[in-house]
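So the structure is just underneath, and the comments pick up after that.
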Amino acid sequence: MAVPDKKTCEQSLDRLSSLTNLALSGEGISADDAIWLFSLPHEYSEKIMEGASLIRETFRGNAIDPCTVMNAKSGACGEDCHFCSQSSHHSTISPEFEMVSKEKILQTATLAVANGARRFCVATSGRGLSDPIEVEAICQSIETVRKDVKVWSCATLGILSEDVLEKLKDSGLNRLHHNLETSKEYFGNIVTTHQWEDRVDTIKKAQAKGISVCSGGIFGLGESEKDRVSMLQTLRELNVDSIPLNFLVPIPGTPLYDEGAGIGPEEALRSIAVARYMLPTKEIRITGGRVQALGGRHPEIFRHGADGVMIGNYLTRMGRPPLDDIQMIKDMGHTLSKDPLTGQMPVDPSGSILEINIPVTTGQISFVNMKKMGETCD
1 MAVPDKKTCE QSLDRLSSLT NLALSGEGIS ADDAIWLFSL PHEYSEKIME
51 GASLIRETFR GNAIDPCTVM NAKSGACGED CHFCSQSSHH STISPEFEMV
101 SKEKILQTAT LAVANGARRF CVATSGRGLS DPIEVEAICQ SIETVRKDVK
151 VWSCATLGIL SEDVLEKLKD SGLNRLHHNL ETSKEYFGNI VTTHQWEDRV
201 DTIKKAQAKG ISVCSGGIFG LGESEKDRVS MLQTLRELNV DSIPLNFLVP
251 IPGTPLYDEG AGIGPEEALR SIAVARYMLP TKEIRITGGR VQALGGRHPE
301 IFRHGADGVM IGNYLTRMGR PPLDDIQMIK DMGHTLSKDP LTGQMPVDPS
351 GSILEINIPV TTGQISFVNM KKMGETCD
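Numbering (full-length UniProt numbering), first residue to last: 1 to 378.
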């Protein structure tokens, strides 16, 4: 891509400055402006990063919020999500087991907190949790974790009915995780066994019950930048509380592995920054695939606008040692967040080994000084 001439560069920096100030007002930029932000060449990446970092600091502060997920029921899923190793439609090597015990979930939650997690999420495979015995088991586990571990409880359980959501609310569930995965327009390319609207419906039902919602998606599915913006726009309209952003890790045996899907570091970081510009006040959490997509640049997620991160193992893959990520947060000049339940600062992580998931600056900004320095516009 050709380096922009000086006049074009200065016009672009003026527009970027205006968009940054708009985001700093709390409004967030439009979908058209977000697509324009994606279109800017690499020469503007540092300025975009500086803007996204300022927006994060203004609305989210300097603290980073770590969370952990536990796979409580794995594999044998009848849905055909093209990215997922747990789908029975694909020939993959993936853990498969029935619902784990309440004691195992309690043990996992205890270790998660010891490793620095501020939020603990229980995940189950399948279209959606509906079996009365399994619903009761999950509800009892959530209640026990809240009582004994005193940690913010999350759950990712698929498409849910109002009745199940009511039971989860009564058990003390703080937040439901339920991704859109991608835009409405692109969804049919990655899932055919249920509809995008089913996911939106579950989100709205959870919100109606007073349950906080964590919903985002996966970048690198073969979607366009317009699709990413469309998904973020929908999340803004739904007014979800937390936006988890994943980056595809192509898994052998899944359709997306054969298609060579995925994105690299520059595209991944730009996507995080665009999300921050569109959703300036919201929690933006980086979850699966960050190390694979970003490589050595994965600590830069915070400078590009993220204020949350998943630590430990993932649903079917090993993650980094949790204390490595806790140290990374500190090395990048950030503090750890307070406990979302108590508002207090927990003790430092103890260093327990998390091996339980895989069973067997405020104000307005101007770039005028940058233009005078000639860093970009020569």
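By construction, the Cβ of each residue, glycine as well, lies at the ideal position given by its N, Cα and C atoms.
None of the values given here were measured: they were computed from a predicted structure.
A residue is called buried once 16 or more other Cβ atoms fall within 10 Å of its Cβ, and E46, having fewer, is exposed. DSSP places C67 within a strand segment (E or B) once states are collapsed to three. Boundaries of the alpha helix (DSSP H) around L168: 162 to 171.
By alpha-carbon distance to E185, the top candidate from R228, A206, A155 is R228. Here P252 is exposed: its Cβ has fewer than 16 other Cβ atoms, across all protein chains shown, within 10 Å. Contact between the stretch 35 to 55 and the stretch 159 to 166 is absent, with fewer than three C-beta pairs closer than 8 Å.
With a minimum length of 4 residues, the unbroken runs of alpha helix (DSSP H) contained wholly in the stretch 223 to 247 fall at 225 to 238. Inter-residue distance for Q195 and F187 is about 8 Å (C-alpha atoms, whole angstroms). Annotation for A155: the continuous beta strand (DSSP E) segment containing it runs 152 to 156. Burial is judged here by how many other beta carbons sit within 10 angstroms of a residue's own beta carbon; D5 has fewer than 16 and is exposed. Only residues of its own chain outside the window of five on either side were considered, and among them P265 have a CB closer than 6 Å to the CB of R297, listed in chain order. DSSP places L336 within a strand segment (E or B) once states are collapsed to three.
In its chain, beyond the 5 residues on either side, N62 have a beta carbon closer than 8 Å to the beta carbon of G333. Beta-bridge partners assigned by DSSP to A123: N71, T156. Note on the stretch 259 to 288: whole beta strand (DSSP E) runs with a minimum of 3 residues are 283 to 286, in chain order. P299 sits away from T68, with the two beta carbons spaced by 9 Å or more. Counted as a single uninterrupted DSSP element, the stretch harbouring G217 is not any alpha helix (DSSP H) but the beta strand (DSSP E) occupying residues 217 to 219. The straight-line gap separating the alpha-carbon atoms of G28 and N21 is approximately 9 Å. Excluding its 5 nearest sequence neighbours in each direction, C139 has C-beta neighbours in its own chain below 6 Å: K167, S171, listed in chain order.
For E136, DSSP assigns no beta-bridge partner whatsoever.
Restricting attention to A268, C77, A306, the CA atom closest to the CA of S224 is found in A268.
L13 is the residue among S25, L24, L13 whose C-alpha sits nearest the C-alpha of W36. Under DSSP, G308 forms a beta bridge with D65, R285. In terms of Cβ geometry, L248 and I218 form a close pair [threshold 9 Å]. In the structure shown, the three-state DSSP call for S130 is coil. Going by DSSP, V213 is part of the beta strand (DSSP E) stretching over 212 to 214. DSSP, reduced to helix, strand and coil, places E197 within a helical segment of the structure shown. Excluding sequence positions up to five before and after A23, its CB lies within less than 7 Å of the CB of I29, I55, Y277, P280, all in the same chain and listed in chain order. When secondary structure is reduced to three states using DSSP, E143 falls in the helix class. Per DSSP, the continuous alpha helix (DSSP H) segment holding R290 begins and ends at 290 to 294.
Exposed is the label assigned to N239, since fewer than 16 other Cβ atoms lie within 10 Å of its Cβ. Around the Cβ of T192, a 10 Å sphere holds fewer than 16 other Cβ atoms; the residue is exposed. Using a Cβ distance threshold of 9 Å, D325 and I311 count as a contacting pair.
Counting of Cβ neighbours within 10 angstroms places T335 among the exposed residues, the total staying below 16. Classified as buried, H304 has 16 or more neighbouring CB atoms from the shown chains inside 10 Å of its CB. Minimum Cα-Cα distance from P250 among the listed residues G308, I243, A261 corresponds to A261.
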